[in-house]
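Engineer: Mapping the sequence shown onto this note's numbering, position 104 (from 1) lands on 322, and the numbers just tick up by one.
No residue lacks a Cβ here, since even glycine has one placed at the ideal position from N, Cα and C.
All figures in this text were calculated on a predicted structure; none of them were measured in a lab.
Questions regarding the structure given below will be posed in turn.
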Amino acid sequence: MHTATNGRELTQRELYALLEAGQDALFVTDPSGEVVYMNVAAIHLYGIGDRIEQHGGSINLRTHSFEAFDFRTLEGVRVADENRPVVRALRGERYRDVELLVRRFGDDDPRVYVYSGTLLEGDPPLSVLTVRDETDRWRSERRYRVAFEADPAPSVIARLADMHIVQANHGMAELTGLTTDDLTTRSLTDLEPFHRYIDMLTIATNRLLSGDATHKIKMSLRTSDGAQVMVLLSARAIEVDGRQCGIYTFVDITALETEQREHLATQDLLARSVREHADERDVMAYLAIFDTLTRIPNRRGLDVRLAEEFVRAERYGSALSVLLLDIDHFKAVNDEHGHDVGDAALRQVAHLLQEACRGPDFVGRWGGEEFMMILPETDTAAATDVASRVRARIADETFASISGLTVSIGVASFEPGTTTDALFRRVDRALYAAKRNGRNRVEVATPGLYDG
219 MHTATNGREL
229 TQRELYALLE
239 AGQDALFVTD
249 PSGEVVYMNV
259 AAIHLYGIGD
269 RIEQHGGSIN
279 LRTHSFEAFD
289 FRTLEGVRVA
299 DENRPVVRAL
309 RGERYRDVEL
319 LVRRFGDDDP
329 RVYVYSGTLL
339 EGDPPLSVLT
349 VRDETDRWRS
359 ERRYRVAFEA
369 DPAPSVIARL
379 ADMHIVQANH
389 GMAELTGLTT
399 DDLTTRSLTD
409 LEPFHRYIDM
419 LTIATNRLLS
429 GDATHKIKMS
439 LRTSDGAQVM
449 VLLSARAIEV
459 DGRQCGIYTF
469 VDITALETEQ
479 REHLATQDLL
489 ARSVREHADE
499 RDVMAYLAIF
509 DTLTRIPNRR
519 GLDVRLAEEF
529 VRAERYGSAL
539 SVLLLDIDHF
549 KAVNDEHGHD
559 VGDAALRQVA
569 HLLQEACRGP
579 DFVGRWGGEE
589 FMMILPETDT
599 AAATDVASRV
609 RARIADETFA
619 SISGLTVSIG
629 VASFEPGTTT
639 DALFRRVDRA
649 LYAAKRNGRN
659 RVEVATPGLY
669 DG
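Encoded structure:
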């Protein structure tokens with residue numbers, strides 16, 4: 219047996235050496251199905267080592283295929299005998315990448331094999347059958363699909379190359395007013411609720427293509443029945459049928475957003491009440507949660523707010539981070555310039571931190587020269603960016619009678635199953651590391667590094 223490549227004839231020995239080096243299972247048979255060569259991967263894949271020994275080193279692949287295996291399509295339809303991969307190869311058909319569910323008789327656990335067949339012309343002609351085990355990939359994709367279809371949140375699986383939808387769940391059908399079949403004829407950017415967010419969807423998809431595991435975006439969408447909802451898009455990369463795809467899930471956070479707005483309104487009402495009423499009870503309530511020097515919440519106020527954000531993070535699975543800041547060498551400021559200058563510096567730092575707050579962020583005085591920022595819906599990377607900007611902003615600020623005032627900052631993020639006390643310990647130790655490593659810097663509490 220020989221074949222030509224680059225103008226030179228390969229001997230049978232050379233061809234077999236090439237076949238043995240491959241990762242796929244390979245069989246070479248004569249027209250009757252008698253195996254004239256199989257590589258080690260083929261012996262292991264089909265589990266026929268013992269059979270070869272029992273039959274004196276020979277095996278007929280056609281007979282073995284009928285005796286040992288049941289072949290079905292991925293949809294569960296039985297493959298007719300004449301269309302089995304071995305039979306097609308022996309007929310001289312050339313085919314590639316035929317995916318089949320293969321179950322050994324007596325075994326309830328099917329596997330997914332990908333078959334390709336070709337013919338080597340000669341006298342006699344020989345059939346070559348290659349088999350690749352894709353069971354692990356198939357099971358992983360099936361788990362994704364089952365979870366995807368059961369998810370009540372609107373979700374689609376779309377190709378990253380063009381955002382064309384390859385699968386949609388019932389939640390997405392309800393959101394858009396289209397059937398799941400209609401959705402698979404469209405691109406994600408074709409859907410009316412997302413017209414305002416084409417650029418954001420493109421950015422999220424490009425992030426996945428560049429290697430990011432997940433990406434999150436907040437959106438305000440109008441549903442098919444006219445309702446306005448706030449959703450959090452969570453996009454993550456997966457492989458489906460050998461193609462790069464993304465699962466785009468849109469979690470309704472309208473209730474959470476309403477709760478946050480109500481909380482902020484309550485805070486605003488409390489602040490106005492404190493300003494407008496001077497009776498003793500109102501003053502005592504103010505003093506209980508606010509720091510009189512800096513006029514921002516004190517440690518008790520921080521404890522209350524952090525407990526609320528913990529509940530939200532656990533309920534909705536949203537991100538939550540905290541920053542703990544300490545003014546570097548503050549004792550020296552008081553000793554050198556006096557407490558009036560030190561107090562003014564504390565008020566100025568508090569003001570700068572309030573300016574750095576975004577929507578739901580919350581800042582308070584932890585005690586002494588320490589401050590805390592609570593950052594809802596902010597993961598570790600984003601919280602580190604906030605901390606870096608705050609550190610730089612304070613370092614650039616001009617303080618009366620003080621030159622070169624800086625802060626050290628620790629960063630820690632919420633992890634499912636943890637407690638507020640554990641989070642306090644982790645951010646405190648991250649702050650300690652920032653001061654120990656030179657001050658005027660940011661240190662992040664890597665999960666597990668500062669636990670214990």
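Are S334 and R306 closer than 8 Å when you measure CB to CB?
Structural biologist: Along the sequence shown, one-based indexing puts residue 334 at 116. Along the sequence shown, one-based indexing puts residue 306 at 88. In this structure, R306 does not lie closer than 8 Å to S334 by Cβ.
Engineer: What residue does the beta strand (DSSP E) around R576 start on, and which one ends it?
Structural biologist: Counting from 1 along the sequence shown, the entry for residue 576 is found at position 358. Element bounds for R576: n/a, residue is neither H nor E.
Engineer: Please classify Q241 as buried or exposed, where buried requires at least 16 other C-beta atoms within 10 Å of its C-beta.
Structural biologist: Position 23 of the sequence shown, counted from the first residue, corresponds to residue 241. It counts as exposed.
Engineer: I need the boundaries of the beta strand (DSSP E) containing E588, first residue and last residue.
Structural biologist: The residue given as residue 588 occupies position 370 in the sequence shown. Where E588 is concerned, the enclosing beta strand (DSSP E) stretches over 588 to 594.
Engineer: Excluding the 5 residues preceding and the 5 following P342 in the sequence, name in chain order all residues of the same chain whose CB lies nearer than 6 Å to its CB.
Structural biologist: By one-based count along the sequence shown, residue 342 stands at place 124. Closer than 6 Å at the Cβ level, and outside the excluded window around P342, lie D248, P249.
Engineer: Taking C-alpha atoms, which residue in E588, V540, E573 lies nearest to D215?
Structural biologist: With the chain covering 219 to 670 only, the question about residue 215 has no answer from this structure.
Engineer: What residues in its chain sit with their C-beta under 7 Å from that of R611, if we drop five residues either side in the sequence?
Structural biologist: Working through the sequence shown from its first residue, we reach residue 611 at position 393. These residues qualify, in order along the chain: L570, A574.
Engineer: Would you call the CB atoms of R583 and D509 closer than 8 Å?
Structural biologist: Residue mapping note: residue 583 aligns to position 365 of the sequence shown, counting from 1. Residue mapping note: residue 509 aligns to position 291 of the sequence shown, counting from 1. Their beta carbons are under 8 Å apart, which means R583 touches D509 by this criterion.
Engineer: DSSP beta-bridge partners for Y255?
Structural biologist: Indexing the sequence shown from 1 puts residue 255 at position 37. In DSSP, Y255 forms a bridge with V246.
Engineer: Closer than 8 Å is the cut-off here; do at least three beta carbon pairs connect the stretch 338 to 354 with the stretch 437 to 451?
Structural biologist: Contact fails: fewer than three Cβ-Cβ distances are below 8 Å.
Engineer: What first and last residue would you give for the alpha helix (DSSP H) that runs through G335?
Structural biologist: Within the sequence shown, the letter at position 117 stands for residue 335. Where G335 is concerned, there is no enclosing alpha helix (DSSP H), although the beta strand (DSSP E) it sits in stretches over 329 to 338.
Engineer: Report the residue ranges of all alpha helix (DSSP H) runs contained in full by the stretch 334 to 414; include only those spanning at least 4 residues, in chain order.
Structural biologist: If we require 4 residues or more, the alpha helix (DSSP H) runs fully inside the stretch 334 to 414 come out as 353 to 368, 388 to 394, 398 to 401.
Engineer: According to DSSP, simplified to helix, strand and coil, what is G635?
Structural biologist: Numbered from 1 along the sequence shown, position 417 holds the residue referred to as residue 635. DSSP places G635 in coil when its eight states are reduced to three.
Engineer: DSSP three-state label for A537, please.
Structural biologist: The residue given as residue 537 occupies position 319 in the sequence shown. Three-state result, A537: coil.
Engineer: Counting beta carbon pairs with one atom in the stretch 638 to 651 and one in the stretch 549 to 568, are three or more of them shorter than 8 Å?
Structural biologist: With the cut-off at 8 Å, the stretch 549 to 568 and the stretch 638 to 651 do not touch.
Engineer: What are the uninterrupted segments assigned as beta strand (DSSP E) that are 3 or more residues long and contained completely in the stretch 606 to 636, given in chain order?
Structural biologist: 625 to 631, all fully within the stretch 606 to 636.
Engineer: For R302, I'd like the list of residues in its chain whose CB is within less than 7 Å of its CB, leaving aside the five on either flank, ordered along the chain.
Structural biologist: In the sequence shown, the residue the question calls residue 302 occupies position 84. Contacts found: S283, F289.
Engineer: Considering only residues of the stretch 271 to 306, which uninterrupted beta strand (DSSP E) runs meet the minimum length of 3 residues and lie entirely inside it, listed in chain order?
Structural biologist: The stretch 271 to 306 contains these whole beta strand (DSSP E) runs: 287 to 290.
Engineer: Rounded to the nearest angstrom, what separates R607 and A259 at their Cα positions?
Structural biologist: Residue 607 sits at position 389 when you count from the first residue of the sequence shown. Residue 259 sits at position 41 when you count from the first residue of the sequence shown. One C-alpha to the other measures close to 56 Å.
Engineer: Taking the CB atoms as reference points, tell me whether V253 and L279 lie closer together than 8 Å.
Structural biologist: Position 35 of the sequence shown, counting from 1, holds the residue named residue 253. Position 61 of the sequence shown, counting from 1, holds the residue named residue 279. Yes. Within cutoff.
Engineer: Could you check if E595 is buried or exposed, using at least 16 other CB atoms within 10 Å of its CB as the buried criterion?
Structural biologist: Numbered from 1 along the sequence shown, position 377 holds the residue referred to as residue 595. Classification of E595: buried, given that the 10 Å Cβ count is 16 or more.
Engineer: By the 10 Å Cβ neighbour count, where 16 or more other Cβ atoms means buried, how is E300 classified, buried or exposed?
Structural biologist: Looking up residue 300 in the sequence shown gives position 82. With fewer than 16 Cβ atoms within 10 Å of its Cβ, E300 is classed as exposed.
Engineer: E633: which of E392, Y534, G622 sits nearest, CA to CA?
Structural biologist: Taking the first residue of the sequence shown as position 1, residue 633 is located at position 415. Nearest option by C-alpha distance: Y534.
Engineer: Under the three-state reduction of DSSP, which class applies to D646: helix, strand or coil?
Structural biologist: Here residue 646 is taken as the residue at index 428 of the sequence shown, counted from 1. Note: D646 maps to helix in three-state DSSP.
Engineer: Do the CB positions of L338 and G310 come within less than 8 Å of each other?
Structural biologist: Indexing the sequence shown from 1 puts residue 338 at position 120. Indexing the sequence shown from 1 puts residue 310 at position 92. No, the Cβ-Cβ distance between L338 and G310 is not below 8 Å.
Engineer: Let me know if T476 comes out buried or exposed under the rule of 16 or more other beta-carbons within 10 Å of its beta-carbon.
Structural biologist: For the purposes of this step, residue 476 is identified with residue 258 of the sequence shown, where counting begins at 1. By the neighbour-count rule (16 or more Cβ atoms within 10 Å), T476 is not buried but exposed.
Engineer: Just to confirm before moving on: does the CB-CB distance between S539 and A601 stay below 8 Å?
Structural biologist: Translated into the one-based positions of the sequence shown, residue 539 becomes position 321. Translated into the one-based positions of the sequence shown, residue 601 becomes position 383. Yes, Cβ-Cβ distance for S539 and A601 is below 8 Å.
Engineer: Go ahead and pull the three-state DSSP assignment for Q241.
Structural biologist: Position 23 of the sequence shown, counted from the first residue, corresponds to residue 241. Residue state, collapsed to three classes: coil.
Engineer: Could you spell out where the beta strand (DSSP E) holding R461 opens and where it closes?
Structural biologist: Residue numbering aside, residue 461 sits at position 243 when the sequence shown is read from its first letter. Element bounds for R461: 461 to 470.
Engineer: Using C-beta distances below 8 Å, list every residue in its chain close to D553, excluding the 5 sequence neighbours before and after it, in chain order.
Structural biologist: One-based indexing of the sequence shown puts residue 553 at position 335. For D553, where only same-chain residues beyond five positions count, there are no Cβ hits under 8 Å.
Engineer: Mark D470 as exposed unless 16 or more other C-beta atoms lie within 10 angstroms of its C-beta, in which case mark it buried.
Structural biologist: To locate residue 470, count along the sequence shown from 1; it is residue 252. D470 comes out buried.
Engineer: Looking only at its chain, what residues have a beta carbon closer than 8 Å to the beta carbon of Q564, apart from the 5 residues adjacent to it on each side?
Structural biologist: Residue numbering aside, residue 564 sits at position 346 when the sequence shown is read from its first letter. The displayed chain sequence assigns Leu, not Gln, to residue 564. Cβ neighbours of L564 beyond the five flanking positions: L511, T512, I545, R583, E587.
Engineer: Anyone know if the C-beta pair for R657 and S626 falls short of 8 Å?
Structural biologist: As a position in the sequence shown, residue 657 is number 439, starting the count at 1. As a position in the sequence shown, residue 626 is number 408, starting the count at 1. Yes; because the gap between Cβ atoms is below 8 Å, this pair is in contact.
Engineer: Could you check the C-alpha separation between L319 and T423 for me, to the nearest Å?
Structural biologist: One-based indexing of the sequence shown puts residue 319 at position 101. One-based indexing of the sequence shown puts residue 423 at position 205. Cα to Cα, L319 sits roughly 32 Å from T423.
Engineer: Note down, in chain order, each residue of its chain lying with its Cβ closer than 7 Å to the Cβ of T624, except the 5 sequence neighbours on either side.
Structural biologist: Here residue 624 corresponds to residue number 406 of the sequence shown, with the count starting at 1. Only D546, I612, A613, R657, N658 meet the Cβ criterion.
Engineer: Run through DSSP, which three-state label would L511 get?
Structural biologist: What you label residue 511 is simply residue 293 of the sequence shown in a count that begins at 1. It is coil, neither helix nor strand.
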